[in-house]
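Top to bottom, those sequences are chains A and B.
The first sequence begins at 0 in numbering that gives the first Met the number 0 and counts up by one.
The second sequence begins at 0 in numbering that gives the first Met the number 0 and counts up by one.
For glycine and all other residues, C-beta sits at the position ideal for the given N, C-alpha and C.
Treat the numbers as computed from the prediction; the structure is a model and nothing was measured.
For reference, the structure discussed in these notes is given below.
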Amino acid sequence: MNEFFAMGGYGAFVWPSYLLGFLILIAHVAAPANRRRRVLNEIRRRLRREGRAADKSSAGSE
Amino acid sequence: MNRFVAWFHRWGSPKHFYDMSGRWAPWMAGLFFLTFIPGLYYSLIGSPPDYQQGESARIMYIHVPAAWMSMFIYAVMAIAGAVTLIWKMKLADIVAQVSAPIGASFTLLALVTGSLWGKPMWGTYWVWDARLTSELILLFLFLGYIALTTSIDDKRQAARAGAVLALVGVVNLPIIHYSVEWWSTLHQPSTVKVMGKSAIHMSMLIPLLLMSFAFKFYYAWVVLISARAEVLDRDKGTRWAEEAAGEKGR
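This is the structure we're talking about:
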């Protein structure tokens, strides 16, 4: 196992490469997911403030 | 109205895009994991060390697909820019806008991993050779696009300015690609060729191709979810967005 992490002496170059790759992959998935949740919550808050519950606003309810 | 025009208009509808992207994104995510997990296995464990580079060659399974992605994403942005200018299609502009940070990230990843491989193999993190310099210029093009489009408040004007920049910057793509042939560079020429025989052994080609497919699917996935969030944000005052907010668990 230690041999695997040592990467034949190149561990200090191989692992940071993969780590940065992982961080980038995760960041671009997490950011839009958070953003969509934030916008949806914002809409729900506004609807509640206006006295219209979000779950009652389906088409043809008025 | 012919079917193509009808299809084109449907995709211009934010609500339709929101629904469709929600349906397609999980498939792209699935394809990504289906290629990424075996790709990672073959990159780190299932492939032999290089006879000259040893285990440091494993950096290539990130570096090369990342570099390909950087150019691919820029090409997508340029095409989206052309569509924005010609047909004034808002969705094309959204695709370009959400692609820019992803493209910048892959460019940075290609540069950093190249640097980390260069130190033990070339003896230096950086040289001002044609390939490295033109790839650095690509990073500046992505960052310039982001800076330009976010600094203009009017969305339509920002879209047009960004589209023009993306199209002008396209000249850099052939420069990157042919840099290793036109100039004498420290960077090696291509070993993987679409036409003709690749100068790479199957055991190393497998992780390389798996990773590059994984990155493509990843990009498709991220563009869908990012554009979905952007479309919702732009339309948050409309009826369909309110309905979307009313649907639970989505």
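Would you mind sorting residue i into buried or exposed? The rule is 16 or more other CB atoms within 10 Å of its CB.
{"i": "Met-76 (chain B)", "result": "buried"}
{"i": "Val-230 (chain B)", "result": "buried"}
{"i": "His-257 (chain B)", "result": "What the structure shows of chain B is the stretch from 0 to 249, and residue 257 (chain B) is not part of that stretch, so it cannot be assessed."}
{"i": "Lys-87 (chain B)", "result": "exposed"}
{"i": "Ser-55 (chain B)", "result": "buried"}
{"i": "Val-38 (chain A)", "result": "buried"}
{"i": "Trp-220 (chain B)", "result": "buried"}
{"i": "Pro-25 (chain B)", "result": "exposed"}
{"i": "Gly-20 (chain A)", "result": "buried"}
{"i": "Ser-202 (chain B)", "result": "exposed"}
{"i": "Ser-189 (chain B)", "result": "exposed"}
Using the C-alpha atoms, what's the distance from residue j back to residue i?
{"i": "Ala-213 (chain B)", "j": "Trp-239 (chain B)", "result": "33 Å"}
{"i": "Trp-14 (chain A)", "j": "Tyr-60 (chain B)", "result": "12 Å"}
{"i": "Pro-173 (chain B)", "j": "Leu-46 (chain A)", "result": "51 Å"}
{"i": "Val-28 (chain B)", "j": "Ser-20 (chain B)", "result": "Looking at the sequence shown, residue 28 (chain B) is not Val but Ala. Taking the straight line joining both Cα atoms gives about 12 Å."}
{"i": "Gly-122 (chain B)", "j": "Ile-93 (chain B)", "result": "42 Å"}
{"i": "Pro-100 (chain B)", "j": "Phe-31 (chain B)", "result": "19 Å"}
{"i": "Asp-128 (chain B)", "j": "Ser-12 (chain B)", "result": "46 Å"}
{"i": "Ala-158 (chain B)", "j": "Gly-80 (chain B)", "result": "8 Å"}
{"i": "Leu-108 (chain B)", "j": "Ile-175 (chain B)", "result": "16 Å"}
{"i": "Ala-226 (chain B)", "j": "Tyr-50 (chain B)", "result": "44 Å"}
{"i": "Val-169 (chain B)", "j": "Tyr-73 (chain B)", "result": "8 Å"}
{"i": "Leu-137 (chain B)", "j": "Tyr-17 (chain B)", "result": "31 Å"}
{"i": "Ala-5 (chain B)", "j": "His-15 (chain B)", "result": "13 Å"}
{"i": "Arg-249 (chain B)", "j": "Arg-22 (chain B)", "result": "In this prediction, Arg-249 (chain B) scores a pLDDT of 46, lower than 50, which makes its location untrustworthy; the coordinate-derived value is nonetheless stated afterwards. When rounded, the distance between both Cα atoms is 11 Å."}
{"i": "Leu-147 (chain B)", "j": "Ala-30 (chain A)", "result": "21 Å"}
{"i": "Gly-245 (chain B)", "j": "Ser-178 (chain B)", "result": "53 Å"}
{"i": "Glu-41 (chain A)", "j": "Ser-46 (chain B)", "result": "49 Å"}
Is the CB of residue i under 8 Å away from at least one CB in chain A?
{"i": "Leu-231 (chain B)", "result": "yes"}
{"i": "Ile-101 (chain B)", "result": "yes"}
{"i": "Ala-228 (chain B)", "result": "yes"}
{"i": "Ser-104 (chain B)", "result": "yes"}
If residue i and residue j are in contact, beta carbons under 8 Å, what's the gap, nearest whole angstrom?
{"i": "Leu-208 (chain B)", "j": "Ser-197 (chain B)", "result": "That belief does not hold up - the Cβ atoms of Leu-208 (chain B) and Ser-197 (chain B) are roughly 10 Å apart, past 8 Å."}
{"i": "Ser-98 (chain B)", "j": "Val-222 (chain B)", "result": "6 Å"}
{"i": "Ser-42 (chain B)", "j": "Met-210 (chain B)", "result": "6 Å"}
{"i": "Leu-131 (chain B)", "j": "His-186 (chain B)", "result": "7 Å"}
{"i": "Phe-12 (chain A)", "j": "Leu-110 (chain B)", "result": "No, Phe-12 (chain A) and Leu-110 (chain B) are not in contact; Cβ-Cβ is about 14 Å, not under 8 Å."}
{"i": "Leu-90 (chain B)", "j": "Trp-10 (chain B)", "result": "6 Å"}
Can you tell me where the alpha helix (DSSP H) holding residue i begins and where it ends?
{"i": "Pro-188 (chain B)", "result": "Here Pro-188 (chain B) belongs to no alpha helix (DSSP H), and DSSP marks it neither H nor E."}
{"i": "Gly-161 (chain B)", "result": "154 to 167"}
{"i": "Asn-171 (chain B)", "result": "171 to 181"}
{"i": "Asn-40 (chain A)", "result": "10 to 48"}
So, does the CB of residue i fall closer than 8 Å to a CB anywhere in chain B?
{"i": "Leu-24 (chain A)", "result": "yes"}
{"i": "Phe-4 (chain A)", "result": "no"}
{"i": "Gly-50 (chain A)", "result": "no"}
{"i": "Ala-32 (chain A)", "result": "yes"}
{"i": "Arg-47 (chain A)", "result": "no"}
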